[in-house]
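Novice: So that we are looking at the same thing, I have put the structure below in structure tokens.
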Amino acid sequence: MLKMLSKMAMCKSHGQDSSYFIGWQEYEKNPYDPLQNPSGIIQMGLAENQLSFDLLESWLTRNQDVIQFRENGGSMFDRDLKWRTGAEIVPIHCYSSNNFRVTESALEEAYEQAQKRNLTVKGVFITNPSNPLGTTMSRNELNILITFAMTKNIHIVSDEIYAGTVFDSPKFISIMEALIDRKLEKSKMWNQVHIVSSLSKDLGLPGFRVGMIYSNNETLIAAATKMSSFGLISSQTQYLLSKILGDRRFIKRYLKENKKQLIHRREMLASGLANSGIECLESNAGLFCFVDMRYLLKSNTFEAEMELWKKIISNVGLNVSPGSSCHCSEPGWFRVCFANMSKETLDLAMQRINNFVNSDKDICQNLRQQLPRSVMAAGSRRRRTIANWVVKLSSGDGRTDR
Numbered sequence: 001m002l003k004m005l006s007k008m009a010m011c012k013s014h015g016q017d018s019s020y021f022i023g024w025q026e027y028e029k030n031p032y033d034p035l036q037n038p039s040g041i042i043q044m045g046l047a048e049n050q051l052s053f054d055l056l057e058s059w060l061t062r063n064q065d066v067i068q069f070r071e072n073g074g075s076m077f078d079r080d081l082k083w084r085t086g087a088e089i090v091p092i093h094c095y096s097s098n099n100f101r102v103t104e105s106a107l108e109e110a111y112e113q114a115q116k117r118n119l120t121v122k123g124v125f126i127t128n129p130s131n132p133l134g135t136t137m138s139r140n141e142l143n144i145l146i147t148f149a150m151t152k153n154i155h156i157v158s159d160e161i162y163a164g165t166v167f168d169s170p171k172f173i174s175i176m177e178a179l180i181d182r183k184l185e186k187s188k189m190w191n192q193v194h195i196v197s198s199l200s201k202d203l204g205l206p207g208f209r210v211g212m213i214y215s216n217n218e219t220l221i222a223a224a225t226k227m228s229s230f231g232l233i234s235s236q237t238q239y240l241l242s243k244i245l246g247d248r249r250f251i252k253r254y255l256k257e258n259k260k261q262l263i264h265r266r267e268m269l270a271s272g273l274a275n276s277g278i279e280c281l282e283s284n285a286g287l288f289c290f291v292d293m294r295y296l297l298k299s300n301t302f303e304a305e306m307e308l309w310k311k312i313i314s315n316v317g318l319n320v321s322p323g324s325s326c327h328c329s330e331p332g333w334f335r336v337c338f339a340n341m342s343k344e345t346l347d348l349a350m351q352r353i354n355n356f357v358n359s360d361k362d363i364c365q366n367l368r369q370q371l372p373r374s375v376m377a378a379g380s381r382r383r384r385t386i387a388n389w390v391v392k393l394s395s396g397d398g399r400t401d402r
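Taking UniProt numbering, I'd label the letters of the sequence shown as residues 1 to 402.
Rendered as structure tokens:
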């Protein structure tokens with residue numbers, strides 16, 4: 001039977017065996033419930049927005065002719081890009097010395113790495129705001145990216161799914177806005193920049209499976225229109241969404257309230273971790289924080305990161321996403337979500353972390369040695385690398401072993 005399956009169906013680039021999905025499996029075996037299972041695993045690996053569900057519920061109550069919905073989780077880029085399309089991902093590594101900002105040298109380095117692997121670079125894929133950093137790209141970064149793409153004659157795909165979750169300055173700037181500011185509407189680049197998004201994050205509707213592509217490239221839109229026949233949106237879903245999005249007063253109120261909730265939850269997470277001597281990367285968007293747990297590692301290795309991650313799941317009872325699952329090039333970083341749970345559950349999660357740190361004398365010693373430096377440097381100014389979830393899309397033509 002296995003011999004009948006295609007090479008693509010059997011390849012291992014799907015990511016299903018990564019720590020991200022393994023963490024989900026462990027959570028599903030022992031999910032936290034305040035009454036039925038108070039010692040269970042708390043899900044902090046799910047980037048889902050549940051903070052303003054009460055507003056959606058009140059809208060649905062007032063509009064009885066629409067259908068209730070159920071949410072599902074999203075997916076990671078390895079599964080979305082590599083497994084289905086066969087594209088290879090070459091991360092663009094950024095550094096803390098400039099707050100993980102994208103630079104021309106970082107772009108060139110990634111481009112050279114792709115060439116060394118005999119990959120033909122077709123474009124640059126970015127998430128803005130960033131997943132897992134929770135930060136928006138600056139206008140200067142976008143201009144550097146546009147200039148780079150123009151020089152290499154490649155495309156830019158900007159995933160702006162978290163654009164509606166920006167809760168603090170600096171403001172979000174779309175890649176298309178950056179193009180217009182440079183008056184590139186009549187240039188070749190105008191047809192080589194594409195935006196993808198959905199309603200999964202800002203409105204918290206991942207189960208609806210509604211996404212969109214914005215592009216000025218007629219050939220791409222024609223191809224996308226044909227491909228959409230394999231994933232049509234049901235009439236009921238279209239009807240409901242047209243009603244919700246058409247209610248401008250509600251949408252304005254929802255976005256305003258959701259912003260307040262995101263600010264509050266982000267502060268709850270950051271302050272709770274700070275009480276345990278753990279810092280977060282400063283963020284202004286998204287449903288998560290990128291948390292620096294390097295000082296909890298027994299050694300500066302990804303093996304130590306996985307050991308800590310397993311301990312956090314098994315002993316602490318929290319499912320967080322290790323940085324390696326996000327292609328982070330430095331061990332010890334974890335993406336921790338805060339918008340998919342109640343305040344009480346988040347408080348409990350912070351208490352569990354605090355108990356874990358205080359119960360381990362070796363960890364406490366490491367924290368005491370490193371904390372003054374990290375406090376002065378806002379998370380350590382030492383050079384550290386991370387795959388900024390800015391990736392190169394390249395065509396490997398199946399040459400690379402997956």
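Note that the Cβ used here is the ideal one computed from N, Cα and C, for glycine as well.
#1: Contact between the segment 183 to 198 and the segment 234 to 246 is defined here as three or more beta-carbon pairs at a separation below 8 Å; is this criterion met?
#2: Do residue 165 and residue 277 have their C-beta atoms within less than 7 Å of each other?
#3: Rounded to whole angstroms, how far is the Cβ of residue 160 from the Cβ of residue 174, which I believe are closer than 8 Å?
#4: Contact defined as beta carbons within less than 8 Å: I believe residue 360 pairs with residue 332. What is the distance between those atoms, to the nearest angstrom?
#5: Would residue 356 and residue 316 be called neighbours here (beta carbons separated by less than 7 Å)?
#6: Taking only the alpha-carbon atoms, compute the straight-line gap between residue 162 and residue 170 and give it to the nearest angstrom.
#7: If we ignore side chains and look at the alpha-carbon of each, how far apart do residue 329 and residue 353 end up?
#8: Could you tell me whether the segment 89 to 97 touches the segment 134 to 150, using the rule of 3 or more Cβ pairs below 8 Å?
#9: Taking 7 Å as the cut-off, decide whether the C-beta atoms of residue 259 and residue 167 are in contact.
#10: Can you tell me whether residue 64 is buried or exposed? The criterion is at least 16 other CB atoms within 10 Å of its CB, across all chains shown.
#11: Cα-Cα, which of 209, 210, 224 is closest to residue 216?
#12: What residue does the beta strand (DSSP E) around residue 213 start on, and which one ends it?
#13: Is there contact between the segment 331 to 345 and the segment 300 to 312, where contact requires at least three CB pairs shorter than 8 Å?
#14: Which value, in whole angstroms, describes the spacing of the CA atoms of residue 404 and residue 30?
#15: Put residue 272 into one of helix, strand or coil per three-state DSSP.
#16: Going by other Cβ atoms of all chains shown within 10 Å of its Cβ, with 16 needed for buried, is residue 208 buried or exposed?
#17: Could you round the C-beta distance between residue 146 and residue 176 to whole angstroms and report it? I think they count as a contact, below 8 Å.
#18: Taking the Cβ atom as the reference point for each residue, do residue 296 and residue 281 lie within a distance shorter than 7 Å?
#19: Compare the Cα-Cα distances from residue 211 to each of 200, 140, 38, 46 and report the closest residue.
#20: Given that a residue counts as buried once 16 or more other Cβ atoms are within 10 Å of its Cβ, and exposed if not, what is residue 23?
#21: With residue 335 as the anchor, note down where its alpha helix (DSSP H) starts and where it stops.
#22: Taking the alpha-carbon positions, what's the residue 265 to residue 275 distance?
#23: According to DSSP, simplified to helix, strand and coil, what is residue 87?
#24: Decide if residue 19 is buried, meaning its Cβ has at least 16 other Cβ atoms within 10 Å, or exposed.
#25: Under DSSP, the alpha helix (DSSP H) around residue 188 begins and ends at which residues?
#26: Based on Cα-Cα distance, which residue from 128, 115, 113, 119 lies nearest to residue 101?
#27: Please state the DSSP three-state secondary structure of residue 290.
#28: In chain order, what residues of the same chain have a beta carbon less than 6 Å from the beta carbon of residue 298, not counting five sequence neighbours either side?
#29: Decide if residue 181 is buried, meaning its Cβ has at least 16 other Cβ atoms within 10 Å, or exposed.
#30: By how many angstroms is the C-alpha of residue 228 removed from the C-alpha of residue 219?
#31: Looking at C-alpha atoms only, which residue of 155, 40, 109 is the closest neighbour of residue 124?
#32: Using only CA atoms, which one of 206, 150, 288, 36 lies nearest to residue 233?
#33: Helix, strand or coil: how does DSSP classify residue 196 here?
#34: Taking DSSP's pairing of strands, which residues face residue 404 in a bridge?
#35: I'd like the span of the beta strand (DSSP E) that includes residue 120, first residue to last.
Specialist: Reading from the atomic positions:
#1: no
#2: no
#3: 6 Å
#4: About 15 Å; that fails the 8 Å criterion.
#5: yes
#6: 14 Å
#7: 24 Å
#8: no
#9: yes
#10: In this predicted model, residue 64 has a pLDDT of only 42, less than 50, meaning its place in the structure is not dependable; the value taken from the coordinates is given anyway. With fewer than 16 other Cβ atoms within 10 Å, it is exposed.
#11: 224
#12: 211 to 215
#13: yes
#14: The first residue shown for the chain is 1 and the last is 402, placing residue 404 beyond what the model contains.
#15: helix
#16: buried
#17: Residue 146 to residue 176, Cβ: 11 Å. No contact.
#18: no
#19: 200
#20: buried
#21: Premise fails: residue 335 lies in the beta strand (DSSP E), 333 to 337, not in any alpha helix (DSSP H).
#22: 15 Å
#23: strand
#24: buried
#25: It is not in any alpha helix (DSSP H) - residue 188 carries neither H nor E in the DSSP assignment.
#26: 128
#27: strand
#28: 304
#29: exposed
#30: 14 Å
#31: 155
#32: 206
#33: strand
#34: With the chain running from 1 to 402 in the structure shown, residue 404 is simply not present.
#35: 120 to 127
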